[in-house]
Amino acid sequence: MRPAPLPVPPPPETEIQPPGVPGLSGLLTLAVGVVVLAALYVGQEVFLPVVLAILLAFVLAPFVDLMRRWQLGRVPSVIIAVLVTLGIVVSLGGLIGFQLAGLASDIPRYQTTIERKVGSLREGTLGKLPTMLRDFGRRFDQAVGEQPAEAQAPASSSAAEPPPEAPKPMPVEVHEPEPTPAQVARNVLLPLLEPLATMGIVFVVLVFILMQREDLRDRMIRLFGSSDLHRTTAAMDDAARRLSRFFLTQLALNAAFGLVAGIGLWLIGVPSPALWGVFAALMRFVPYIGSFVAAAPPILLAAAVDPGWSMALMTLALFVIGEPLMGHVVEPIVYGQSTGLSPFAVVISAIFWTWIWGPVGLLIATPLTLCLVVLGRHVERLEFLDVLLGDRPALTPAENLYQRMLAGDPDEALDSAEVLLKERSLTSYYDEVALKGLQLAANDATRGVLTHRQLDQVRDVIKALVQDLGSHEDIEPPPHETEDEPVASPPSEKPAIKEPAVVGEMPHEDKIPETWKAEGAVMCIAGRGPLDEAASEMLAQLLSKHGLGSRLVPHEAVSRSAIYNLDMTGVQMVCISYLEIRGTPAHLRYLLRRLRKKAPKAPILVGLWPAEDAVLKSETMRATLGADYYVSSMRDAVVQCLKVATGEEELPQTVTTGRAANEAAAGTRLPLPA
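Numbered per the numbering used here, the sequence shown finishes at 949, counting up by one with no gaps.
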């Protein structure tokens with residue numbers, strides 16, 4: 276008697292949310308964002324001094340490190356740096372105060388010049404403009420047949436007596452009592468208390484940040500939960516050094532611009548040149564419109580001081596020439612590369628921080644946004660900040676190439692390839708960009724999401740791209756310096772993963788035997804995938820660039836029915852390319868078996884371009900297939916073919932055994948190539 280089967284519990288029901296309803300994580304993220312914005316807006320008095328202290332810490336960190344290299348301790352170095360900064364801020368504040376006081380006392384003197392210029396403008400063409408407009412309006416009304424208002428009035432109204440005059444009001448004067456010394460002190464000191472308190476908080480927080488920089492860095496990394504503390508710490512240290520150098524350089528350039536503007540205004544004769552020089556230096560922190568805002572007050576003041584217009588025109592010329600010279604000549608030379616922010620992000624950040632923190636937020640918008648971009652590039656949880664605010668493309672080069680393939684745009688794909696080839700070899704471009712783009716297309720084709728038309732477009736674009744790159748040599752371009760780049764790239768995107776060109780580490784082409792230089796010496800066979808032929812064409816092109824004769828063969832030519840008609844005369848080596856191969860590749864095993872029978876003397880190389888394929892990881896599977904070499908990159912394939920061709924690597928046992936068997940059957944013994 277069979278025992279009764281145990282009852283199987285029903286599978287747990289999965290709660291399916293209706294479409295359009297956000298998940299819990301999305302609502303939580305939205306709630307956190309709203310809370311953060313509200314906290315930044317409401318807690319301005321708390322967060323603004325802390326942010327200013329952090330930015331000042333980036334500027335002063337190189338100075339502190341320099342004094343510590345002079346054998347000064349941490350505490351003396353921090354105190355000296357903070358005192359020097361405080362002295363500079365107090366000196367600038369005093370200078371601005373004296374300049375404003377002198378300018379306020381001279382304003383009545385400029386009033387006469389202003390009234391005279393306004394009067395001359397009224398007497399000139401500008402003053403006649405309202406009368407001209409009225410005459411034009413009257414003529415227009417007459418043209419459309421409208422009667423004048425005077426004609427519509429009754430004739431008897433001219434004879435009416437004028438109305439009696441109303442009694443004039445009596446003038447009344449109100450005199451306020453003279454303010455007491457206490458009221459004067461309150462009116463002067465109270466407006467200064469808030470900025471002085473903010474400055475005090477900034478410098479107190481600055482001291483603690485400089486004292487505990489490393490500890491705060493480690494706590495921030497642990498807070499964001501990095502899985503690799505050592506690597507992230509090194510990346511954050513590198514980013515902090517770059518930010519410090521960038522902020523210090525930006526401060527120096529803006530100060531130099533303010534100094535030049537102040538000296539120029541002094542030579543022109545504009546009053547209070549030091550005030551406008553400091554104002555110009557500060558406003559250059561405001562993106563795009565800062566220089567225009569800085570130029571407006573001294574131009575207006577020059578127009579009020581000079582009875583003519585020469586001083587105003589010279590002041591305008593000073594800013595019109597100085598700002599483009601600084602922004603388009605000096606800054607690109609000093610910075611070297613982009614700051615890491617997109618223009619759209621700069622504008623949006625300026626609007627956002629001005630809304631949150633007012634004019635001070637406008638001044639610190641760009642440096643603060645740059646700090647957020649650096650965090651996004653080195654902290655995984657904040658990567659969205661780099662995507663939204665950074666200037667790097669949203670798509671990787673491989674994704675961009677795949678997008679151009681889908682759009683059927685070979686010209687755009689070639690333009691992008693030429694840009695990338697300025698900093699990498701052709702082999703590296705095929706391995707890192709072209710093959711990965713083809714793998715994306717192959718994966719979509721396997722899933723059935725590509726139509727036949729899209730697949731044809733992908734084939735046409737990649738074929739045109741390979742043909743256009745046929746004239747490009749496979750050489751390593753000169754190294755491109757990136758030390759001046761303000762924002763470091765994440766460790767995963769460092770150029771250390773970029774494969775070098777094959778040229779330079781392989782023997783000269785003179786060592787390649789003539790039999791390997793003949794056309795078709797290396798037969799490049801495409802796999803059975805829809806895009807494997809494109810990968811084989813890349814490999815054939817690279818082999819020909821390094822002195823090996825190559826020949827491209829489609830997969831249909833090595834099928835069971837067609838391989839007997841395939842001409843393999845002079846073939847020294849066979850290379851098979853697969854972009855995508857899953858499971859147990861029985862078809863590859865049978866293909867290798869057919870090729871062994873057809874050309875037993877030729878070693879066989881299999882290129883499985885997805886490096887994570889199971890065949891490359893399993894010794895047993897590779898032995899079962901029976902190929903001689905397995906590679907996962909174009910560079911490895913070219914290097915392996917060159918080693919076999921020049922005799923630097925002995926032929927595998929399968930090839931020598933097959934040759935010996937054929938020679939025994941023929942009754943001859945042919946020497947193996949050197």
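For each residue, glycine too, the CB sits at the ideal point set by N, CA and C.
Residue i in three-state terms, based on DSSP
i, result
"G348", "coil"
"V339", "helix"
"A801", "strand"
"M848", "strand"
"G615", "coil"
"G922", "coil"
"P766", "Any reading at P766 is ruled out, since the residue's pLDDT is 46, under 50, leaving its predicted position unreliable."
"G822", "coil"
"G795", "coil"
"G636", "helix"
"G951", "There is no way to answer for residue 951, as the model of the chain reaches only from 276 to 949."
"G901", "coil"
"G372", "helix"
"G362", "helix"
Candidates the options, of which the one nearest residue i by Cα
i, options, result
"V553", "D666, L540, I564", "L540"
"M589", "A570, V604, V605", "A570"
"Q742", "G308, L689, E453, E789", "L689"
"L485", "L330, G651, L854", "L330"
"V919", "D903, S908, S907, M909", "D903"
"I564", "P599, D581, S547", "P599"
"I389", "S547, V311, G583", "G583"
"P668", "V350, P324, P618, V339", "P618"
"G712", "D731, D684, R699, Q678", "Q678"
"R517", "L883, A579, F333, P573", "F333"
"Y316", "V580, W628, L491, R734", "W628"
"P572", "A555, L818, L696, D410", "A555"
"G651", "A514, W791, W551, I879", "A514"
"Q525", "S852, V310, T641", "T641"
"L883", "S819, R871, L814, G822", "L814"
"L880", "A739, A625, G802, Y839", "G802"
"A912", "S703, E794, L841", "S703"
"T671", "L841, E655, L695", "L695"
Residue environment, residue i, which counts as buried when at least 16 other CB atoms sit within 10 Å
i, result
"M407", "exposed"
"F594", "buried"
"L917", "buried"
"R910", "buried"
"I363", "exposed"
"R728", "exposed"
"L637", "buried"
"A898", "exposed"
"W345", "exposed"
"G665", "buried"
"E749", "What sits at residue 749 in the sequence shown is Asp, not Glu. Result: buried."
"I856", "buried"
"L498", "exposed"
"V477", "buried"
"E425", "Confidence at E425 is low in this model, with a pLDDT of 48, below 50, so its placement is unreliable and the value that follows should be read with caution. By the neighbour-count rule (16 or more Cβ atoms within 10 Å), E425 is not buried but exposed."
"V648", "buried"
"W630", "exposed"
"D661", "buried"
"V808", "Correcting the residue type first, residue 808 is Glu in the shown sequence and not Val. Buried, since its Cβ has 16 or more Cβ neighbours within 10 Å."
"Q816", "buried"
Limits of the unbroken beta strand (DSSP E) element including residue i
i, result
"G882", "879-883"
"L827", "825-828"
"Y905", "904-906"
Contact test: residue i Cβ vs the ligand ADP heavy atom, cutoff 6 angstroms
i, result
"L880", "Questions concerning the ligand ADP fall outside what the structure shown contains, since it holds no ligand whatsoever."
Residue i - containing alpha helix (DSSP H), residue span
i, result
"Y677", "672-682"
"E707", "Careful: E707 lies outside any alpha helix (DSSP H) and carries neither H nor E."
"D735", "727-743"
"H862", "861-873"
"P752", "Per DSSP, P752 belongs to no alpha helix (DSSP H) and is neither H nor E."
"M495", "488-498"
"D661", "658-664"
"D690", "685-695"
Next on the checklist: If we require 3 or more residues per run, which beta strand (DSSP E) segments fall completely within the segment 518-585?
Outcome noted: Qualifying beta strand (DSSP E) stretches: none in this window.
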